[in-house]
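What follows is a short report on a single structure.
Protein chains: 2
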Amino acid sequence: LKAENIKAFRNLFLELHPTDQVELFVSFDQSQRQRVYECLSPAEFADIFQGLELEQQKEYITELDQTFAIAMFNSMSADDLADFLGELPDIMAETYLNNMGQKDAQDIKNLLAYPDETAGAIMTTEFIALATKDKVSHVLQRLKEQAPDAETIYYLYVVNEQRKLVGVVSLRDLIVARDDQLVEEIMSTRVVSVSVLDDQEEVADVIKKYDFLAVPVISKQGKLVGIVTVDDVMDVVEEEVTEDIGEISAARGAVDLQLSSFDAAKKRAPWILMLAFLGLISAGVIGQFEETLEAVARLAVFIPLIMGSAGNTGTQTLAVVVRSLALGTLDRVGVGKLLKRELGTGVMLGLICSLVLVLTVPVIYDGDLVLGVIVASSLLAALSVATVIGAIIPLIINKLRIDPAVASGPFITTLNDIIALLIYFSIATALLQYL
Amino acid sequence: LKAENIKAFRNLFLELHPTDQVELFVSFDQSQRQRVYECLSPAEFADIFQGLELEQQKEYITELDQTFAIAMFNSMSADDLADFLGELPDIMAETYLNNMGQKDAQDIKNLLAYPDETAGAIMTTEFIALATKDKVSHVLQRLKEQAPDAETIYYLYVVNEQRKLVGVVSLRDLIVARDDQLVEEIMSTRVVSVSVLDDQEEVADVIKKYDFLAVPVISKQGKLVGIVTVDDVMDVVEEEVTEDIGEISAARGAVDLQLSSFDAAKKRAPWILMLAFLGLISAGVIGQFEETLEAVARLAVFIPLIMGSAGNTGTQTLAVVVRSLALGTLDRVGVGKLLKRELGTGVMLGLICSLVLVLTVPVIYDGDLVLGVIVASSLLAALSVATVIGAIIPLIINKLRIDPAVASGPFITTLNDIIALLIYFSIATALLQYL
């Protein structure tokens, strides 16, 4: 590559926003990527590497020579680097860490020691801590020097001699303050913090609730050990939504396009099989009424309608409850009121459906009024029960802190199926003599 | 109320974080709320009022006297006030606006003119704009005065003489710069902006993608007219997730705990009825095979199993596709690869289920091997089709930009039900002589 070309490429490429650099880089083939490695400094490439997904990082790291990689690691922010190294085989991570600066390597090792999905695992240690007696003018001077390295300078946390968190100052407060004021005069002492072992979802909730740009993380002893910034939390929210959708659709861990057919089938099969065995219970229920069925085969015709309506009504209720639990609105309304509301809704939906069908079924089945009455009254009963089941099951699961997957859509639907079929065939058997 | 009490209450209450003040206020009864109005200044209460939900704002505004309310409005940020006034009857909003300061009122009226759910509707007009020739030291001096009023001072946007957006400076850049540098020397000219009529979801995507704290909003003529901050976008993300969950569960607009049973039933009934009519199609499919059913009634026993398994498999695929569309990962992988992956997964899931059932069914039904073969081969075919349907339908809907509710879980499930039943009864009818 000629020096001229390198310069032209750098001018064009570095002009882009880092996010756009990442997008472009990902679209490159291997020889184009090689050119990027040659033209950019390790520090410049670190910005791109940090923007890649973990899978992509693992792929491209093999294309870098070790010296370049180590230099790049030294320019990466500690939390992103820890996330990446945590994904590598221990022996590889160890090799990289041994070749890095000792202080940085120790920071990373500390971060790697926290359990997955905790505040400690997603926090960064690159924050600026102030002392209570610092002068505003000195702090601003210090920021001039340290700003390029810190993850955020918009919130500065104040610690005492024991490094315990005692206050917070926003850069806005600093700008507005007089130069000769002390940090303790302008700091707010009502600091909301999270503990290093708190779940990442709780951290996200705190940041959302208070509209924070960052939240401090403290150790068991109350010492300030890191911060979590709002952009990290955005990623957590994405992850959690993916998890929730996996739960709701009984596809936990398999909502990922990158998996092969085989891996996807392996992860999804247990759910499908478990649900199929629940389906065998439905089969057992119908089996109990085989005599009724043999007498009037056309009863089977309405099985999908009864099952489907009960399942759909329950799913609607599930959506209401899952969303209320996530947004925390249920506490305000109360469980009693929710159940009453849902039962009321179920009865009304049942009435509407049964009214429509008591008229429709006899039209389709040349005046078979009794069949219409059976279908309609089953729907009324089944839909009323379905809303209550759809509300109670997730609430119980949530209360008992059992794995919420058991409350997912397909399980509640299958449960509602069984109850609906039981109701339908019981009513049909009772009225068999009129059919 | 004695002056002493007022002071004690204020000390306690104002010590809290605004978010916690809101939480406490909401838990108060009317007489306690009255005390809050008496003890706090309109500006202090504005912080609480801005933290309430729209429904609560509408309730509590009736408890305030008009002078207090107007003074409070003057202290609120323009975007929050516009959101609130937009919810009131026009005549009430008009009255309030006529009593406010003229400049503020005009700002609000401008905001109210933008269509719902656009960048213009969620942006704020309280931002700080710089000129290219401003000196860093002057900007910092100006920030000292204007910081308390601006929504954010962490990003400052640079405009030319025509008020067109030409650059952006972060407060971090300003702090690090020398006092005598000019804004144009330190500003970044690669500014990402959104247009005033862009959908709020696009605005959220831009902020998430670039990890911004705020994004500038420009008019058709390229003039800077407002900014959207990350905390506003967090609310948008919540709203969108609620909408998505409503779509997936066919409960659009009804995922709200505050609705009465009657209102909830009114919003949910159209979906349930529409799905019930689709259920009548399933009934029609089975009706076609009434002779087969009359000959072998026990075929009906496995209807729930076949339907359920096909439905569940399709729902899993739907979850994968919906999530990929939301995260934008599908473009990278490609539709062809997705369909191949899903078909492969469907075939494997079908093989696993049919293997298990070809052995289970004869055990339950004393050696009825043919029934086992019918159930197993139907499952294999139905599950293979179900994954493809679960992938193709949402993709088509997305491509055609039709209302995505039609691609929601219940609709795809019902479609898969019908196909699965058709397959099951066709195979059963073909093998009828061996049963």
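As you go down the protein sequences, you meet chains Z and C in turn. The opening residue of the first sequence carries number 1 in my numbering; numbering runs sequentially from there. The opening residue of the second sequence carries number 1001 in my numbering; numbering runs sequentially from there. C-beta: ideal position from N, C-alpha, C; glycine also.
(message) On a Cα-Cα basis, can you pick out the residue from C:Ala-1105, C:Pro-1216, C:Leu-1275 that is closest to C:Leu-1156?
(response) Within the second sequence, numbered from 1, the residue matching residue 1156 of chain C stands at position 156. Cα-wise, what sits closest to C:Leu-1156 is C:Pro-1216.
(message) Could you tell me which whole alpha helix (DSSP H) segments of length 4 or greater appear in the region 111-193 of chain Z?
(response) Counting only runs of 4+ residues, the alpha helix (DSSP H) found wholly inside the region 111-193 of chain Z occupies 119-122, 136-146, 171-176, 183-186, in chain order.
(request) Identify which residue in Z:Val-228, Z:Gln-34, Z:Glu-145 has its Cα closest to the Cα of Z:Ala-204. (result) Within the first sequence, numbered from 1, the residue matching residue 204 of chain Z stands at position 204. Nearest of Z:Val-228, Z:Gln-34, Z:Glu-145 to Z:Ala-204, Cα basis: Z:Val-228.
(message) Considering Cα atoms alone, identify which of C:Thr-1189, C:Asp-1231, C:Glu-1342 is closest to C:Ile-1207.
(response) If you number the second sequence from 1, residue 1207 of chain C lands on position 207. Here the closest residue by C-alpha is C:Asp-1231.
(message) Using the Cβ count rule (16 or more neighbours within 10 Å means buried), how would you classify Z:Asn-11?
(response) Position 11 of the first sequence holds residue 11 of chain Z. Flag for Z:Asn-11 reads exposed.
(request) Please check if any C-beta of chain C sits within less than 8 Å of the C-beta of Z:Met-123. (result) Working through the first sequence from its first residue, we reach residue 123 of chain Z at position 123. Not a single CB atom of chain C sits nearer than 8 Å to the CB of Z:Met-123.
(message) So, for C:Gly-1086: in the same chain, excluding its five sequence neighbours on each side, which residues have a beta-carbon less than 6 Å away from its beta-carbon?
(response) Here residue 1086 of chain C corresponds to residue number 86 of the second sequence, with the count starting at 1. For C:Gly-1086, where only same-chain residues beyond five positions count, the Cβ hits under 6 Å are Leu-1112.
(message) Among C:Ala-1093, C:Leu-1054, C:Glu-1053, whose alpha-carbon lies nearest the alpha-carbon of C:Ile-1066?
(response) Working through the second sequence from its first residue, we reach residue 1066 of chain C at position 66. It should be noted that the sequence gives Gln, not Ile, for residue 1066 of chain C. For C:Gln-1066, the closest of C:Ala-1093, C:Leu-1054, C:Glu-1053 by C-alpha to C-alpha distance is C:Ala-1093.
(request) With a threshold of 16 other CB atoms inside 10 Å of the CB of C:Thr-1095, please say whether the residue is buried or exposed. (result) Here residue 1095 of chain C refers to the residue found at position 95 when the second sequence is read from its first residue. That one is exposed.
(message) Quick check: what's the CA-CA separation for C:Gly-1178 versus C:Val-1139?
(response) In the second sequence, the residue the question calls residue 1178 of chain C occupies position 178. In the second sequence, the residue the question calls residue 1139 of chain C occupies position 139. This sequence places Arg at residue 1178 of chain C; Gly is not what is there. The C-alpha of C:Arg-1178 lies about 12 Å from the C-alpha of C:Val-1139.
(message) Whole angstroms are fine: how far does the CA of Z:Ser-77 sit from the CA of Z:Ser-193?
(response) Residue numbering aside, residue 193 of chain Z sits at position 193 when the first sequence is read from its first letter. Residue numbering aside, residue 77 of chain Z sits at position 77 when the first sequence is read from its first letter. Whole-angstrom Cα-Cα distance: 22 Å.
(message) Using 8 Å as the cut-off, can you tell me whether the region 321-337 of chain Z makes contact with the region 373-382 of chain Z, which would need three or more C-beta pairs spanning the two stretches below that distance?
(response) Between the region 321-337 of chain Z and the region 373-382 of chain Z there are fewer than three inter-stretch CB-CB distances shorter than 8 Å, so the stretches are not counted as touching.
(request) Under 7 Å between beta-carbons, which chain C residues line up against Z:Arg-142? List them in chain order, please. (result) Here residue 142 of chain Z is taken as the residue at index 142 of the first sequence, counted from 1. Within 7 Å Cβ-Cβ: nothing; Z:Arg-142 doesn't reach chain C, min ~10 Å.
(request) Alpha carbon to alpha carbon, how far is Z:Phe-302 from C:Phe-1411? Give it in angstroms, no decimals. (result) The sequence position of residue 1411 of chain C within the second sequence is 411, counting from 1. The sequence position of residue 302 of chain Z within the first sequence is 302, counting from 1. About 18 Å.
(message) Counting beta carbon pairs with one atom in the region 1339-1349 of chain C and one in the region 1306-1321 of chain C, are three or more of them shorter than 8 Å?
(response) Taking a cut-off of 8 Å for Cβ pairs, the region 1306-1321 of chain C and the region 1339-1349 of chain C touch, as three or more such pairs fall below it.
(request) Quickly, what does DSSP pair C:Gly-1287 with across the bridge? List them, please. (result) Your numbering for residue 1287 of chain C matches position 287 in the second sequence. Residue pairing for C:Gly-1287: DSSP places it in no beta bridge.
(request) Pull up the DSSP beta-bridge partners for C:Ala-1214, would you. (result) As a first step, residue 1214 of chain C must be located in the second sequence, where it is residue number 214. Answer by DSSP bridge pairing, in chain order: C:Thr-1229.
(message) Taking the alpha carbon of Z:Leu-422 as the reference point, which residue from Z:Leu-327, Z:Gly-284, Z:Asp-235 has its own alpha carbon closest?
(response) For the purposes of this step, residue 422 of chain Z is taken as the residue at position 422 of the first sequence. The candidate whose alpha carbon is nearest that of Z:Leu-422 is Z:Gly-284.
(request) Keeping to the same chain, check which residues put their C-beta closer than 7 Å to that of C:Val-1074; ignore five residues upstream and five downstream. (result) Numbered from its first residue, the second sequence carries residue 1074 of chain C at position 74. According to the sequence as given, residue 1074 of chain C is Asn; it is not Val. If the five residues before and after C:Asn-1074 are omitted, its C-beta is found closer than 7 Å to the C-beta atoms of Met-1100, Gly-1101, Asp-1104, all from its own chain and listed in chain order.
(message) Below 8 Å, how does it come out for the region 1267-1284 of chain C and the region 298-314 of chain Z: are there three or more Cβ pairs, yes or no?
(response) Output reads yes: the region 298-314 of chain Z touches the region 1267-1284 of chain C.
(request) Helix, strand or coil for C:Leu-1224, going by three-state DSSP, please let me know. (result) Indexing the second sequence from 1 puts residue 1224 of chain C at position 224. For C:Leu-1224, the secondary structure class from DSSP, reduced to helix, strand or coil, is strand.
(request) For C:Val-1373, decide whether its Cβ has a neighbour in chain Z, counting only Cβ atoms nearer than 8 Å. (result) Residue mapping note: residue 1373 of chain C aligns to position 373 of the second sequence, counting from 1. Chain Z contact via Cβ: absent.
(request) Spell out the partners DSSP gives C:Asp-1199 in its beta bridges. (result) Taking the first residue of the second sequence as position 1, residue 1199 of chain C is located at position 199. In the DSSP assignment, C:Asp-1199 forms a beta bridge with C:Thr-1118.
(request) Confirm, please, whether the CB-CB distance from Z:Asn-160 to Z:Thr-125 is below 8 Å. (result) For the purposes of this step, residue 125 of chain Z is identified with residue 125 of the first sequence, where counting begins at 1. For the purposes of this step, residue 160 of chain Z is identified with residue 160 of the first sequence, where counting begins at 1. Cβ distance not < 8 Å, so Z:Thr-125 and Z:Asn-160 don't count as in contact.
(request) Would you mind sorting Z:Glu-59 into buried or exposed? The rule is 16 or more other CB atoms within 10 Å of its CB. (result) Position 59 of the first sequence, counting from 1, holds the residue named residue 59 of chain Z. By the neighbour-count rule (16 or more Cβ atoms within 10 Å), Z:Glu-59 is not buried but exposed.
(message) Can you check whether the C-beta of C:Ala-1008 is within less than 8 Å of a C-beta belonging to chain Z?
(response) Looking up residue 1008 of chain C in the second sequence gives position 8. With 8 Å as the cut-off, C:Ala-1008 does not count as an interface residue toward chain Z.
(message) Along the chain, where does the alpha helix (DSSP H) containing Z:Met-72 start, and where does it finish?
(response) What you label residue 72 of chain Z is simply residue 72 of the first sequence in a count that begins at 1. That run of the alpha helix (DSSP H) goes 66-75.
(request) Flag this pair as touching only if the region 1360-1367 of chain C and the region 1388-1401 of chain C have three or more C-beta atom pairs under 8 Å; answer yes or no. (result) As far as the Cβ criterion goes, the region 1360-1367 of chain C does not touch the region 1388-1401 of chain C, which means the pair count is below three.
(request) Starting from the beta carbon of Z:Tyr-434, find every residue of chain C whose beta carbon is closer than 7 Å, and list them in chain order. (result) Along the first sequence, one-based indexing puts residue 434 of chain Z at 434. Simply none; closest approach about 19 Å.
(request) Please check if any C-beta of chain Z sits within less than 8 Å of the C-beta of C:Ala-1071. (result) As a first step, residue 1071 of chain C is located in the second sequence; it is residue number 71 there, counting from the start. No, because no Cβ of chain Z sits closer than 8 Å to the Cβ of C:Ala-1071.
(message) Using a Cβ-Cβ cutoff of 8 Å, what residues of the region 47-71 of chain Z are near chain C? List them in chain order.
(response) In summary, no residue of the region 47-71 of chain Z has a CB separated from any CB of chain C by less than 8 Å.
(message) Relative to the C-alpha of C:Glu-1240, which candidate in C:Val-1168, C:Asp-1199, C:Ala-1269, C:Lys-1209 has its C-alpha closest?
(response) The residue given as residue 1240 of chain C occupies position 240 in the second sequence. Ranking the options by Cα distance to C:Glu-1240, first place goes to C:Asp-1199.
(message) Buried or exposed for C:Gln-1141, going by 16 or more other Cβ atoms inside 10 Å?
(response) Sequence index remark: in the second sequence, residue 1141 of chain C carries index 141 (1-based). Classification of C:Gln-1141: exposed, given that the 10 Å Cβ count is below 16.
(request) Using a Cβ-Cβ cut-off of less than 8 Å, list which residues of the region 14-37 of chain Z approach chain C; keep chain order. (result) Within the region 14-37 of chain Z, the qualifying residues are Glu-15, Leu-16, His-17, Thr-19, Val-26.
(message) Can you look up C:Phe-1411 in the DSSP assignment and give me helix, strand or coil?
(response) Against the second sequence, residue 1411 of chain C aligns to sequence position 411. Helix.
(message) Excluding the 5 residues flanking C:Val-1168 on each side, which residues of the same chain have their C-beta closer than 8 Å to its C-beta?
(response) Translated into positions along the second sequence, residue 1168 of chain C becomes position 168. Cβ neighbours of C:Val-1168 within its own chain (closer than 8 Å, five residues either side excluded): Tyr-1155, Leu-1156, Tyr-1157, Val-1158, Met-1187, Ser-1188, Val-1191, Pro-1216.
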